[in-house]
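Accompanying notes for the structure given below.
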Amino acid sequence: MKLNLLTVAFAASAAVVLLDAQARADCGCSGSPSTLTSDSSGPCLRYEAPSGSSNDITFRFDKAYACGQYATGEYFVISENGVASITTITPEAAGGRHGVDVNPPPDGPQRWDDRLDDHAPPISLPYAAPPGSSVVKYVSDNPSGDCDGAGEKSCGRFAAVVTVIDAPPADPSTTFRPPFVGTNKPVLSTSTLQTQLLSRLQAACADTPSLETAQAWTRHLRLDYTSHSVTCDLMPPEDALPDGRPWSTDIWARDTDVYAWLHLADVCGAPPCTPEEDLAAKFPVLVGYVQHGIDIWGVDRMGASLFRGGGGNGGGKLFAYAFAAAMLADPAMLADLAAVDAGRFFETASYYAGKNGAALWGQPVGTEEEYWDDFSDQSTRTIRDPYGYIDGGFEPGGWYQDNTAKPTKYSALLMRLMPALAAAWPVNKDVLLSYADRWVDHGALTQPDPCAPVGGQYGSDHGPDGSGDCISGSGRVPELDGSNKDGGNRERAMGECMWSSFRGCSETCSCPGQSCGPASQCGDGKIEAPEECDGDDAGSCPAGCVPPGQPNGCRCVAAATGSGTGSSASSGGSSTSNSAGGEGDEGGGCTCGVAGRTAPTGALAAWMAVWAAAFHRVIRRRRMISLTAGRTGWRTRSR
């Protein structure tokens, strides 16, 4: 009864707002799909900025094209005779501000704002956009002054994209917007989201994000895509960012709050919440994060790098990518993720296994001689130890290691809470998980170290020994071993609470409410492409797997290994079981591909249908609710 009452109340309030919106001529789309509506100046689409109407973005067209909205609420337009002509976009680009581009390339140039490096003029309007065009508009912040107006540290205030396609998706309301970068425009559906992977944990954390915060941080285009190691600090528009802070690792740290929120129970806004109500609250936030991950996938498919140097300027981009891949279980996306170039992402380039097997920090961005020069000059760079014994940089535990330690810790916990995310993680999953534990328990690692400290003559008293190792000695900085234990200047109260509440039980999947199934992995811990199974036809399944009687995958049955512990958890109204040992013939219980994912049914399906209709017609289309991004001071980071 509670679910039905909430559904009716929400639908009724949506209808009132919709009637009010329809009472005035406005820019938008009359349905999805349907045709462009008009204001007094003609056919147009408008995105309302959280920071106020002066920052709204309006696309104007030469005619009323067919149009619609993706699952994110962002617009698409259907071309006619191979084009859709955009006549103007406001605020108009002028004086090196408020730029516009089509399918912007991650490696530049950027056409948004001439206060940023590698600037080029915006595209000219009118613009005849062919299918496959993602037309992106930027609203510059503080356009008459410095980028760092009011301590905000960003050149951008708002951004939005209109995608031109040749035919509408079969179901726009369940279709993700394709990546706004490049010309590859894959079609992905919200119907494949593995919502059963989201837990319903109980956590008494004082700084748990509100539903409104979670929605505000995931609602708009982030435009966080460039390979440039400095421009990336200033480009992302504040209206779309957590607390309006554009540095990648600040975004990453704050995002971990909401990624954790997705795994909590009673987040519907009026607890106690049913699983259906929690999932309905989480769904638009989930869609927003997955959309961001799809955009990062688009960058990766172009062969561009988001490493952006070793200072954390690219922090969190791989996490967004892996989270989206795990939630979608799309074979192409998973395959690309598994094949990533480790040097193109901060998380895979910065954490590695040393000679003694210890998880170490440092970036492969300099020569052996440059490493020693940095020690002598006390440079802030954190080149990894060329010999693989200790953490990188002249001051292990400080500088950029200090900047990025906390979001790394929180991300590692989220990987443990969500085994499918850990399974999708490429290259260095075990190293990253081990590093997080070591940082919390020990701090910086500088011992044991057989190398001589800086002093005397390079090449004879310290440095390389000519045989691929270091000149022996008493250690480079033995006094720093264990320094900054569990430290970090991007600490989040939510992350600390989640760690203390769930680190102990997450590895065994024994946290009450934790959802670890299907684990989407077999013995080697890698997600496999979905296999089709028909009834008892085991021949179509991977080796070691037997069909579970479901058409969308295979369940893997591990060899019996004696007794073990298991757990079951309810998430989104369904229960799953994952055993870590077991007895008899079914010793495992892990699954391959996307086995076990079931579509919403019954009350949950009805609730999600009502939510989707109201969400697209009211929240997204008219932006009647405007959330103002917080303008907090910029915390200076070590440089």
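Here the sequence shown is numbered in our numbering, starting from 4 and rising by one per residue. Here a beta-carbon is modelled for each residue, glycine too, at the ideal position from N, C-alpha and C.
- The residues Met418 and Lys432, in chain order, have a CB closer than 6 Å to that of Ala425 in the same chain once the five nearest residues on each side in sequence are set aside.
- Across the structure, Thr411 and Tyr130 are spaced so that their CA atoms are roughly 43 Å apart.
- Spanning the alpha carbons of Asn145 and Cys158 requires a straight line of approximately 7 Å.
- Listed in chain order, the non-local C-beta contacts of Asn187 below 6 Å within the same chain comprise Arg304, local neighbours out to five positions each way being set aside.
- Ser54 carries a coil assignment under DSSP once its states are collapsed to helix, strand and coil.
- Along the length of the stretch 220-294, whole alpha helix (DSSP H) runs at least 4 residues long occupy 234-237 and 251-264, reported in chain order.
- Residue pairing from DSSP places Phe62 in a beta bridge opposite Leu48 and Ile92.
- Around Gly369, the same chain offers Asp377, Arg384 and Ile386 as residues with beta carbons nearer than 8 Å, after the five sequence neighbours per side are excluded.
- Residues of the same chain with a CB within less than 6 Å of the CB of Pro453, apart from the 5 flanking positions on each side, are Ser475 in chain order.
- Ser509 is a Cβ neighbour of Leu416, given a cutoff of 8 Å.
- If you draw a straight line from the Cα of Gly31 to the Cα of Cys47, it is about 6 Å long.
- Looking at the DSSP output, Asp42 sits in a beta bridge with Gly45.
- For the 8 Å CB-CB criterion, Asp210 and Ala496 form a contact.
- In the three-state DSSP reduction, Ala328 falls in the helix class (H, G or I).
- Put simply, of Thr221, Leu204, Gly396 and Asp104 the residue whose alpha carbon is nearest the alpha carbon of Ser504 is Leu204.
- Proximity of the stretch 114-128 to the stretch 171-185 falls short of the contact definition, fewer than three beta-carbon pairs being nearer than 8 Å.
- Cβ contact annotation for Ser88 (same chain, cutoff 6 Å, sequence separation greater than five): Asp65, Pro129 and Ala131, in chain order.
- In this structure Phe326 is not in contact with Gly301, their Cβ atoms being roughly 15 Å apart against a cut-off of 8 Å.
- Within the model, the alpha-carbon separation for Gly391 versus Glu482 is close to 18 Å.
- By the beta-carbon neighbour count (other beta carbons within 10 angstroms, threshold 16), Lys320 is buried.
- If you look at Lys488, you'll find it isn't in any alpha helix (DSSP H); DSSP assigns it neither H nor E.
- Around the beta carbon of Ala97, fewer than 16 other beta carbons sit within 10 angstroms, so the residue counts as exposed.
- Secondary structure of Lys156 (DSSP, three-state): coil.
- Taking 8 Å as the cut-off, the Cβ atoms of Tyr228 and Val165 do not count as close.
- Per DSSP, the unbroken alpha helix (DSSP H) holding Ser437 starts and ends at Lys432 to Asp444.
- Within a 10 Å sphere around the beta-carbon of Asp253 sit 16 or more other beta-carbons, which makes this residue buried.
- Per DSSP, Gln404 is one residue of the alpha helix (DSSP H) stretching across Trp402 to Leu420.
- Rounded to whole angstroms, the gap between the alpha carbons of Asp468 and Asn406 is 33 Å.
- Separation of Thr511 and Ala341 (C-alpha to C-alpha, rounded to the nearest whole angstrom) is 25 Å.
- Counted as a single uninterrupted DSSP element, the beta strand (DSSP E) harbouring Leu363 occupies residues Ala362 to Trp364.
- For the stretch 454-515, the full-length alpha helix (DSSP H) segments reaching 4 residues or more read 496-509 along the chain.
- Distance from the CA of Tyr262 to the CA of Gln218, rounded to the nearest whole angstrom, comes to 12 Å.
- Assignment of Tyr374 by DSSP, reduced to helix, strand and coil, places it in the helix class.
- Sequence-distant partners of Ile168 (beyond 5 residues in either direction) whose C-beta falls short of 6 Å from its own C-beta, in its chain, are Phe79 and Pro134.
- When only Cα atoms are considered, Gly357 and Pro389 end up about 10 Å apart.
- Ranked by Cα distance from Gln450, the options Asp440, Pro399 and Tyr403 are led by Pro399.
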